[in-house]
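Numbering (my numbering) for the sequence shown: 1 to 250. Built from N, CA and C at the ideal position, the CB exists for glycine as well. Here the structure is a predicted model, which is why all the values come from computation and not from measurement. Below is one structure, written out as structure tokens, with a few remarks after it.
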Amino acid sequence: EQIPIFRELLLVTRETYGSESNEVITVLNDFGGILRYVGEYNEAENYLTEAEQLIRKKYGTENKEYATCILNLAELYRFMREYDKAEELYKKSMKIYAENGENGYLYASVCNNLGLLYQDRKQYENALELHKKSLEILEELTEYRLEYGTTLNNLVLPYKSTGEREKAKDCTERALVIFAETVGKEHSLYSAALNNLAIFFYEEKEYKTAGDLFEESLLICEKTFGKNSVNYKNLAENLKIVRAKTGEKS
Numbered sequence: 001e002q003i004p005i006f007r008e009l010l011l012v013t014r015e016t017y018g019s020e021s022n023e024v025i026t027v028l029n030d031f032g033g034i035l036r037y038v039g040e041y042n043e044a045e046n047y048l049t050e051a052e053q054l055i056r057k058k059y060g061t062e063n064k065e066y067a068t069c070i071l072n073l074a075e076l077y078r079f080m081r082e083y084d085k086a087e088e089l090y091k092k093s094m095k096i097y098a099e100n101g102e103n104g105y106l107y108a109s110v111c112n113n114l115g116l117l118y119q120d121r122k123q124y125e126n127a128l129e130l131h132k133k134s135l136e137i138l139e140e141l142t143e144y145r146l147e148y149g150t151t152l153n154n155l156v157l158p159y160k161s162t163g164e165r166e167k168a169k170d171c172t173e174r175a176l177v178i179f180a181e182t183v184g185k186e187h188s189l190y191s192a193a194l195n196n197l198a199i200f201f202y203e204e205k206e207y208k209t210a211g212d213l214f215e216e217s218l219l220i221c222e223k224t225f226g227k228n229s230v231n232y233k234n235l236a237e238n239l240k241i242v243r244a245k246t247g248e249k250s
């Protein structure tokens, strides 16, 4: 629903403030992020690359604004499974933040996102180290309770993959409580935590419980990102697999 609004907003912002304005850079970054989540990767890359080039031209590459922009681009490449490109940009972003004295929320964000990349590559020890670092930072920043919950959710797979299943379940349950209290039960973050809990029960061979959780997560995901998104397709496949175990229709 936001996409047509952002298209119009970008057009108006270019006309009102100029094509190289800070206002345009902000819209490009935000719009690119939204397109990434609904699977429109080529268009997202165009807008995020344009934002990167504008910041580079106006301000150089050694500032936090540039670091944030390439962090967004790294996230896109992670979604596209271009992991080498993504890892290079994550590390570059982390270095710029550190050099600018940023060791708070923004630094925690890079730790989280690079941790997710290592999860995709099944490098779970590396992922665990980064997510723990992010959690440690966010624990001191009480205004970022939602982000703290997200980090708990990110810790689930590394904990399971390193043999600490009870810690994984505890993180999921704590994340669900935080998401329900902060953004509600119709939010994509709540859906992601449900998905993690469903996987846990599937692995415990509690297929009925897992299927119900997958289905609840899928309905939220459809409303949030649509049926063309990677998240929706992955959830739908998970539900299909678990329903085959119980003989129910997905």
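* To do: Report all residues from its chain with a CB closer than 6 Å to the CB of Cys171; omit the five preceding and five following residues, and keep chain order.
  => Locating residue 171 in the sequence shown gives position 171, counting from the first residue. Around Cys171: Leu152, Leu155, Val156.
* To do: Take the Cβ of Glu1 as the centre, count every other Cβ of all protein chains shown within 10 Å, and call the residue buried at 16 or more, exposed below.
  => Working through the sequence shown from its first residue, we reach residue 1 at position 1. Counting Cβ neighbours within 10 Å, Glu1 comes out exposed, since fewer than 16 surround it.
* To do: Indicate the three-state DSSP secondary structure (helix, strand or coil) for Ser19 in the structure shown.
  => On the sequence shown, position 19 is the one that residue 19 refers to. Of the three classes helix, strand and coil, the one that applies to Ser19 here is coil, per DSSP.
* **Beta-carbon proximity check, Phe200 vs Val242, cutoff 8 Å** => Residue numbering aside, residue 200 sits at position 200 when the sequence shown is read from its first letter. Residue numbering aside, residue 242 sits at position 242 when the sequence shown is read from its first letter. Not closer than 8 Å, so no.
* **Three-state class that DSSP yields for Gly101 in the structure shown** => Within the sequence shown, numbered from 1, the residue matching residue 101 stands at position 101. Three-state DSSP puts Gly101 in coil, outside helix and strand.
* Asked: Asn29: which of Met80, Ala86, Phe6, Ala175 sits nearest, CA to CA?
  -> As a first step, residue 29 must be located in the sequence shown, where it is residue number 29. That would be Phe6, whose Cα lies nearest to the Cα of Asn29.
* Go ahead and pull the three-state DSSP assignment for Gly115. => Mapped onto the sequence shown, residue 115 falls at position 115. Correct three-state label for Gly115: helix.
* **Per-residue burial, Val27 [other beta carbons within 10 Å of its own, 16 or more giving buried]** => Residue numbering aside, residue 27 sits at position 27 when the sequence shown is read from its first letter. By the neighbour-count rule (16 or more Cβ atoms within 10 Å), Val27 is buried.
* To do: Any chance you could list the beta strand (DSSP E) runs of at least 3 consecutive residues sitting entirely within the segment 31–117, in chain order?
  => none
* Through-space distance from Leu235 to Lys132, alpha-carbon basis -> If you number the sequence shown from 1, residue 132 lands on position 132. If you number the sequence shown from 1, residue 235 lands on position 235. Answer to the nearest angstrom: the Cα atoms are 26 Å apart.
* Burial state of Asn238 (16 or more Cβ within 10 Å) -> As a first step, residue 238 must be located in the sequence shown, where it is residue number 238. Buried.
* When the Cα atoms are used, what is the spatial distance from Ser161 to Lys122? -> Within the sequence shown, numbered from 1, the residue matching residue 161 stands at position 161. Within the sequence shown, numbered from 1, the residue matching residue 122 stands at position 122. So the two alpha carbons sit approximately 9 Å from each other.
* For Asn103, count neighbouring C-beta atoms within 10 Å of its own C-beta (all shown protein chains included) and say buried if the count is 16 or more, exposed if not. => Counting from one through the sequence shown, the residue named residue 103 turns up at place 103. With fewer than 16 other Cβ atoms within 10 Å, it is exposed.
* Asked: So what does DSSP say about Leu152, is it helix, strand or coil?
  -> On the sequence shown, residue 152 is found 152 positions in, with the first residue counted as 1. Helix at Leu152.
* Cβ-based neighbour list, Lys91, same chain, cut-off 8 Å, excluding 5 preceding and 5 following -> The sequence position of residue 91 within the sequence shown is 91, counting from 1. If we look at Lys91 and ignore the five residues flanking it on each side, its Cβ neighbours are Leu114.
* Asked: What is the DSSP secondary structure of Ser229, counted as helix, strand or coil?
  -> The residue labelled residue 229 in the question sits at position 229 within the sequence shown. Coil at Ser229, not helix or strand.
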